[in-house]
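Engineer: In this note's numbering, the protein residues as written are 25 to 368.
Every residue gets a Cβ at the ideal spot worked out from N, C-alpha and C, and that includes glycine.
Input: one structure, supplied below.
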Amino acid sequence: MTVNNPKTILITGANGEVGHGLIEKLGKLRTKEIKKIIALDLNDLDPILNDKVDVFVKGNVTDRDLLSDVFSKYNIDTVYHLAAVLSTTGEKNPELAHEVNVGGTFNLLSIANQVASKENRVIKFIFPSTIAVYGIPSLKLKAQNPKVKENEFLNPITMYGVNKLYCENLGRYFSSYYQSLNTDHRPLLLDFRCVRFPGLISAETIPTGGTSDYAPEMLHAAAKGKKFECFVRPDSKIHFMAMPDAIDALIQLTKIPENKLSGRVYNIAGFSVSAKEIEKMVKKHFPKSDISYKVNPERQKIIDSWSEDVDDCLAVKDWAWKAEYDFKKAFEKYLIPAIKNKYK
Ligand SMILES: NC(=O)c1ccc[n+]([C@@H]2O[C@H](COP(=O)([O-])OP(=O)(O)OC[C@H]3O[C@@H](n4cnc5c(N)ncnc54)[C@H](O)[C@@H]3O)[C@@H](O)[C@H]2O)c1
């Protein structure tokens, strides 16, 4: 088996929020650990990322020929498959969500699996899933089950959640069970690993299309001196994570030896807060902010179905996962200083 070191990395959805954070961070690991970064996105790459990637491919993850071409041109050994249609956009266009989230992920998994098998080398496939895979049926049950385990309440109510849950299983399938009935089946060399992100909050980018977006939108609006109408009730509670922790989780999960992993899908906890608590924190730092509430019943229903928090003891045990930022530290040490600087 050939081992590639340093790595050639493919990042799909490279122009998104996580893509920005990941490319910045991987840029710092250049030469030592990373040889080449291939970025792929449907949209043009933000010019600030241009000199941090080696190759940019403008294209669609549903285009199987294009993906095969990328794999045959570059000796890719790690894939960060970030491209997706997120929860709110997905509810507006469920067919598109399915096509991109399931079709695109299937394309990448099966091509990566074929290449790994043909070239007899391991390809790591890192996949960000989401707390949208949970579907807690009532607020009462949500309050009674504040920390949900990986295998609980897996009844998502959005197309996005349904898609991501299926793709987690597809990844496990390609890594562990693919063609197991074929007598001549080869060892499986696709190494699929997945974290379920909570809502992410970045100081650098503003989200579009997600349902946890009220938190980052509230903060960025306050920093820009704009009014903000929050689309969920003040008591709505889910968990969030500062973007640097989300990026660290992806990189830590990539580096851990496979024999230390007892599963392929991991919860990771950040901090669990209500919309009101976020409002208070935002007002502490931007006292003039004008925040009101106008509930969107459909988006509220989605937030109510997501867990308040998760039990991440598997990630803690297997790879010593610990978020660096709690609620206070995320705002005081990361978000507020960076956002004040951004909009000054
Ligand atoms: N941001 C969050 O709060 C959050 C939470 C949980 C999970 N995630 C997951 O993390 C990943 C990245 O999320 P993000 O916040 O960066 O999202 P984003 O919407 O900011 O970025 C997604 C990127 O994918 C690209 N894209 C969409 N469809 C594509 C297609 N068909 N082909 C190629 N590119 C396409 C978009 O142009 C965009 O640049 C996603 O898989 C998402 O499900 C994000």
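1) Across which residues does DSSP place Met265 in a beta bridge pair?
2) Would the beta-carbon of Gly150 fall within 9 Å of that of Ala136?
3) Closer than 8 Å to a non-hydrogen atom of ligand 1 - does that hold for the CB of Tyr184?
4) CB Met242 to CB Ile302, shorter than 9 Å?
5) Please classify Tyr158 as buried or exposed, where buried requires at least 16 other C-beta atoms within 10 Å of its C-beta.
6) So which of Leu53, Asn84 and Lys49 has the shortest CA-CA distance to Leu64?
7) Could you tell me whether the stretch 326-341 touches the stretch 162-179, using the rule of 3 or more Cβ pairs below 8 Å?
8) What beta strand (DSSP E) runs, 3 residues minimum, are completely inside the stretch 140-210?
9) With a threshold of 8 Å, establish whether the CB of Val103 neighbours any heavy atom of ligand 1.
10) Apply the 10 Å Cβ neighbour rule to Val27 and answer buried if 16 or more other Cβ atoms are within range, or exposed otherwise.
11) Here's a check: name, in chain order, each residue in its chain whose Cβ is nearer than 8 Å to the Cβ of Ile47, leaving out the five neighbours to either side.
12) Nearest by alpha-carbon distance to Phe216: which of Thr207, Ile225 and Tyr202 is it?
13) As a quick exercise: from Ala140, Gln168 and Glu41, pick the residue whose alpha carbon is nearest that of Glu332.
14) Ligand 1 and Asn67: does any heavy atom of the ligand fall closer than 8 Å to the residue's C-beta?
15) Quick one: is the Cβ of Val42 within less than 8 Å of any heavy atom of ligand 1?
16) Alpha carbon to alpha carbon, what distance is there between Ser260 and Met25?
17) Following the continuous alpha helix (DSSP H) through Ala299, name the residue where it begins and the one where it ends.
18) Locate the alpha helix (DSSP H) running through Ile33, then write down its first and last residues.
19) Using CA coordinates, which residue listed in Leu194, Pro222, Glu57 and Val42 is at the minimum distance from Ile292?
20) Run through DSSP, which three-state label would His292 get?
21) Name, in chain order, the residues that DSSP records as bridge partners for Cys254.
22) Using CA atoms only, rank isn't needed, just tell me which of Tyr349, Lys346, Trp330 and Arg145 is closest to Lys12.
23) Taking 9 Å as the cut-off, decide whether the C-beta atoms of Ser313 and Lys307 are in contact.
24) I want to check one thing, is the minimum distance from the CB of Lys188 to the heavy atoms of ligand 1 below 8 Å?
25) Does the separation of the CB atoms of Leu133 and Gly195 fall below 9 Å?
26) Taking the runs of the beta strand (DSSP E) that are 3 residues or longer, which of them lie wholly in the stretch 41-70?
27) With a threshold of 8 Å, establish whether the CB of Gly294 neighbours any heavy atom of ligand 1.
28) Helix, strand or coil for Lys76? Go by DSSP, reduced to three states.
29) Buried or exposed: which applies to Ile230, given that a residue is buried once 16 or more other Cβ atoms fall within 10 Å of its Cβ?
30) In the DSSP assignment, find the alpha helix (DSSP H) that holds Val340 and state where it starts and stops.
31) Going by DSSP, name the residue or residues bridged to Asp333.
Structural biologist: Walking through what the data contain:
1) Here residue 265 refers to the residue found at position 241 of the sequence shown. Its beta-bridge partners are Leu224.
2) Numbered from 1 along the sequence shown, position 126 holds the residue referred to as residue 150. Numbered from 1 along the sequence shown, position 112 holds the residue referred to as residue 136. At residue 150 the sequence reads Ile, which differs from the Gly that was named. Cβ atoms of Ile150 and Ala136: not closer than 9 Å.
3) Counted from its first residue, the sequence shown places residue 184 at position 160. Yes - ligand 1 has a heavy atom lying nearer than 8 Å to the Cβ of Tyr184.
4) By one-based count along the sequence shown, residue 242 stands at place 218. By one-based count along the sequence shown, residue 302 stands at place 278. Yes, Cβ-Cβ distance for Met242 and Ile302 is below 9 Å.
5) In the sequence shown, residue 158 corresponds to position 134, counting from 1. Buried, because 16 or more other Cβ atoms sit within 10 Å of the Cβ of Tyr158.
6) Looking up residue 64 in the sequence shown gives position 40. Of the candidates Leu53, Asn84 and Lys49, the one whose C-alpha sits nearest the C-alpha of Leu64 is Asn84.
7) yes
8) 147-154
9) Looking up residue 103 in the sequence shown gives position 79. The answer is no for Val103.
10) Taking the sequence shown and counting its residues from 1, the one referred to as residue 27 is at position 3. Low confidence applies here, because Val27 scores a pLDDT of 44, under 50, leaving its location unreliable; read the following figure in that light. Per the 10 Å Cβ criterion, exposed.
11) Here the question's residue 47 lines up with position 23 in the sequence shown. Taken in chain order, the residues that qualify are Ile35, Ala38, Ile61, Ala63, Leu73, Lys76 and Val77.
12) As a first step, residue 216 must be located in the sequence shown, where it is residue number 192. From the listed residues Thr207, Ile225 and Tyr202, the smallest Cα separation to Phe216 is found for Tyr202.
13) Sequence index remark: in the sequence shown, residue 332 carries index 308 (1-based). It is Gln168.
14) Looking up residue 67 in the sequence shown gives position 43. Answer for Asn67: yes, Cβ within range of ligand 1.
15) As a first step, residue 42 must be located in the sequence shown, where it is residue number 18. Because some heavy atom of ligand 1 lies under 8 Å away, the Cβ of Val42 counts as near it: yes.
16) Your numbering for residue 25 matches position 1 in the sequence shown. Your numbering for residue 260 matches position 236 in the sequence shown. Note that Met25 has pLDDT 41, beneath the 50 cutoff, so the model's placement of it is unreliable and the number below is only indicative. About 51 Å.
17) As a position in the sequence shown, residue 299 is number 275, starting the count at 1. Run containing Ala299: Ala299 to His309, per the alpha helix (DSSP H) assignment.
18) As a first step, residue 33 must be located in the sequence shown, where it is residue number 9. Segment Lys31 to Thr36 is the beta strand (DSSP E) holding Ile33; no alpha helix (DSSP H) there.
19) Taking the first residue of the sequence shown as position 1, residue 292 is located at position 268. The candidate whose alpha carbon is nearest that of Ile292 is Pro222.
20) Against the sequence shown, residue 292 aligns to sequence position 268. The amino acid occupying residue 292 in the given sequence is Ile; His does not appear at that position. If DSSP states are grouped into helix, strand and coil, Ile292 belongs with coil.
21) On the sequence shown, residue 254 is found 230 positions in, with the first residue counted as 1. Partner(s): Tyr317.
22) Given a span of 25 to 368 for the chain in the structure shown, any question on residue 12 remains unanswerable.
23) As a first step, residue 313 must be located in the sequence shown, where it is residue number 289. As a first step, residue 307 must be located in the sequence shown, where it is residue number 283. Contact flag set, yes.
24) For the purposes of this step, residue 188 is taken as residue 164 along the sequence shown, with counting starting at 1. Result yes, Cβ under 8 Å from ligand 1.
25) Counted from its first residue, the sequence shown places residue 133 at position 109. Counted from its first residue, the sequence shown places residue 195 at position 171. In contact: Leu133 and Gly195 (Cβ atoms closer than 9 Å).
26) 58-65
27) Along the sequence shown, one-based indexing puts residue 294 at 270. Not so, every heavy atom of ligand 1 lies at least 8 Å from the Cβ.
28) Position 52 of the sequence shown, counting from 1, holds the residue named residue 76. Three-state result, Lys76: helix.
29) Within the sequence shown, numbered from 1, the residue matching residue 230 stands at position 206. When all chains shown are included, Ile230 counts as exposed.
30) Along the sequence shown, one-based indexing puts residue 340 at 316. It spans Cys337 to Trp343 - the alpha helix (DSSP H) in which Val340 sits, taken as one unbroken run.
31) Position 309 of the sequence shown holds residue 333. In DSSP, Asp333 forms a bridge with Lys171.
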